[in-house]
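Here's the structure we're looking at; comments come further down.
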DNA sequence: AGAATAAATGAGAATTATTCTCATTTTTTT
DNA sequence: AAAAAAATGAGAATAATTCTCATTTATTCT
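Dropping the structure here:
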């Protein structure tokens, strides 16, 4: 993962430093949404907290970090690399798990149409959208391992 | 608005106090998303900050307050009373305005179907969903008054 | 209505998340 | 390899939210 991380940094023309490599490695390894605290402990203090926040802001700036908040308003981040599939999120209020969800192509097309209508109606240019779903996993849920 | 506020508190069986009435009045008056800070200044220190947060939590508990975050992760609240139309949000990154948006009945039906598929696939019970749209108002936008 | 009980409030302290400062270290440029 | 530029770590500063506790206000029970 180290080579991959270096490649990414190089591709986006940001200088290659150890903290950045470590953060990218961690994000590449999990490849699913994670809170800043979880990320911090995954990094085991190999990166200072202030640096972690700075690196996350760097990744946002080059547009490969998606940031949003959980239903409890905790900030959650995930790496989104070019070519990654557009997806949404499903939040379990029981275990706090956040699951990546892809909606059908057909549905996304309809959403795009709906968004075009909204753009006209409100005189907006809309670049991005998010669908968030909230609920609970049932006792068979693999993700929550209940 | 005072009577209306008292009625709401009484309906939901929470005790009728001045801070609660004042917060409800403010939320009823604007009836669109507002940050805690904006709400605080609208209330002109007639309600202590700690009390404001407490009252907001009370309203969440009785399920008439919708809380989410702006793209900059600022908490935003809005009153959602029974019978209010289900709606979503459109965020302008230029002026910060948050606009209530209703999607077509047809689209919501399709979203519900899509959600049913997700429930099956992930063994979830989904109670709620949100569609958020991000963009900029153009120069004719009424809301942003550019 | 009035006393007793329970709940809510205000003020500020405590906590948490994030940003900022600045001296030192690391990376990039030349 | 030296000079210049950028990034880092440690902790201070800031901001948002919750907590504490003495006082006030609302509700309940005669």
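Protein chains in written order, with the working numbering: chain A, 10 to 155; chain B, 10 to 155. Note that beta-carbon positions come from the ideal geometry of N, C-alpha and C, so glycine has one too. Since the structure is predicted, the reported quantities are computational estimates derived from the model, not experimental observations.
Residue 134 (chain B) and residue 57 (chain B) have their C-alpha atoms spaced approximately 38 Å apart. For the segment 57 to 87 of chain B, the residues whose beta carbon sits under 7 Å from a beta carbon of chain A are, in order, 78, 82 and 84. Here residue 112 (chain B) carries a coil assignment [DSSP, helix/strand/coil].
Closer than 9 Å to the CB of residue 137 (chain A) there is at least one CB belonging to chain B. Nearest Cα to residue 126 (chain B) within the set A:127, A:142, A:130 and A:38: A:142. Closest option to residue 95 (chain B), judged by alpha-carbon separation, among B:117, B:79 and B:107: B:117.
Residue state for residue 73 (chain B) is assigned as coil, using DSSP reduced to three classes. Going by C-alpha positions, residue 88 (chain A) is about 13 Å away from residue 97 (chain A). For residue 47 (chain A), not one C-beta of chain B is nearer than 9 Å to its own C-beta. If you draw a 10 Å sphere on the C-beta of residue 36 (chain A), you find 16 or more other C-beta atoms in it, and that means buried. Only those residues of the segment 105 to 126 of chain A whose C-beta falls short of 7 Å from the nearest C-beta of chain B are listed: 108, 110, 112, 113, 116, 119, 123 and 124.
The straight-line gap separating the alpha-carbon atoms of residue 123 (chain A) and residue 112 (chain B) is approximately 7 Å.
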